[in-house]
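Worksheet for the structure shown next.
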Amino acid sequence: MYREWATGLAGAVAWSRVVDEPEAHRILPDGCLDLIWSDGRLIVAGPDTIAHEMTSPAGRVYAGLRFMPGTGPSVLGVPAHELRDSRVRLDEIWPQRLVDQLTARVGAAPNRAAALVDIARSRIEVDPVTAAVVTGLRAGRPVAMVADEVGLSERQLLRRSLAAFGYGPKTLARVLRVERALALATHGVPAADIAARVGCADQAHLSREVKALTGVPLTKFRISVRPTVDRAPGRRRTYAR
């Protein structure tokens, strides 16, 4: 069972998950970064550029805090590109003694996700420039236009994007475009209409983009819709195999 809810922190949502049966699935790129407690460890899931394969045994319990694109680095204190396409223990980033204390605190908490929120509360910052970049790219505006809107050169925007998102603005735009396309697909929108609405040249272009980022053809795609409390935005999408 999966649950997700608002945290009161700008740029972050909390989630929890209990695995009822052994399963294998793919975590799809969404521009987000997660801090996760599981099996007595604190783990950081970096921003993905391709689908990440994951298996979970029955009975595994997860608690997580998902940072929307650009917000995670302020909490972790490292640029996002150092975590790209990776899953690392928090003690590889923060001092071992501190992580041991935090791991024990989260593990003993009645609500582990809420304990993760407490860890992030004093650290999280939302950069208005970064937020504006996400808004512009999500709306489908060209990178050059977005750079101009936020007062940066394209080279400056690239450097800032690598640190904030883990990859450049063109890659983030692709990730956000495919994410939107898959959301439309789950509502039964025809592929040709999806291509037009997300800014792909045609249906073939859309199919290539989806396959490149997810590893799954659009025609065979299905998304596991997990129950949530308030259906807060930013849920990490999975493809159940």
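For the sequence shown, position 87 matches number 87 in the UniProt record's numbering, and the numbering has no gaps at all. Where a beta carbon is used, it is the ideal one built from N, C-alpha and C, also for glycine.
Classification of residue i by the beta-carbon crowding that lies within 10 angstroms, buried from 16 upward
i      : result
Thr7   : buried
Ser161 : buried
Val61  : exposed
Pro47  : buried
Val225 : For Val225, the pLDDT reaches just 40, beneath the cut-off of 50, and the residue's location in the model is therefore unreliable, although a value from the coordinates is still provided. Classification for Val225: exposed.
Arg121 : exposed
Trp37  : buried
Arg17  : buried
Ala201 : exposed
Ala181 : buried
Residues near residue i in its chain [Cβ-Cβ closer than 8 Å; skip 5 each side]
i      : result
Val143 : Leu137, Glu154, Leu157, Pro169, Lys170 and Ala173
Ile124 : Leu9, Ala10, Gly11, Ala12, Phe67, Thr71, Ser74 and Val75
Gly40  : Thr103 and Gly107
Lys211 : Pro217 and Leu218
Leu206 : Ala181, Ala191, Ile194, Ala195, Val198, Cys200 and Leu218
Residue i beta carbon near the ligand FMN (any heavy atom closer than 7 Å)
i      : result
Val175 : The ligand FMN is absent from the structure shown, which contains no ligand whatsoever.
Residue i and residue j closer than 8 Å at C-beta
i           : j      : result
Pro29       : Ile50  : yes
Leu116      : Val106 : yes
Arg112      : Ala192 : no
Ile194      : Ala204 : no
Ile93       : Val78  : yes
residue 243 : Ala45  : The requested residue 243 is not part of the displayed model; the chain covers only 1 to 241.
Ala80       : Ala163 : yes
Val4        : Arg26  : Inspection of the sequence shows that residue 4 is occupied by Glu rather than by Val. Cβ atoms of Glu4 and Arg26: not closer than 8 Å.
Val146      : Val133 : yes
Val88       : Ser56  : no
Leu42       : Leu90  : yes
Spatial neighbours of residue i in its chain, beta-carbon cut-off 6 Å, leaving aside the 5 residues before and after
i      : result
Val129 : Val150
Arg231 : Its pLDDT being 31, under 50, Arg231 is placed unreliably in this model, and the value from its coordinates should be taken loosely. Counting only Cβ-Cβ distances below 6 Å, and skipping sequence neighbours, we find nothing.
Gly199 : Gly140
Leu213 : Pro29 and Val178
Ser86  : Gly46
Met1   : Val18
Pro95  : none
Per DSSP, the bridge partner or partners of residue i
i     : result
Leu33 : Phe67
Glu23 : Ser56
Glu4  : Trp15
Ser38 : Arg41 and Tyr62
Val88 : Val44
Beta-carbon proximity list for residue i, same chain, < 7 Å, skipping 5 on both sides
i      : result
Ile119 : Leu102
Val166 : Looking at the sequence provided, one finds Gly at residue 166 rather than Val. Within the same chain, Gly166 has close Cβ partners Gly46, Pro47, Ala80, His81, Leu83 and Arg84.
Leu176 : Gly31, Leu137 and Arg138
Ranges of the alpha helix (DSSP H) found wholly within the UniProt domain "HTH araC/xylS-type" (127–224), counting only runs of at least 4: 128–138, 143–149, 154–165, 169–186, 191–198 and 203–214
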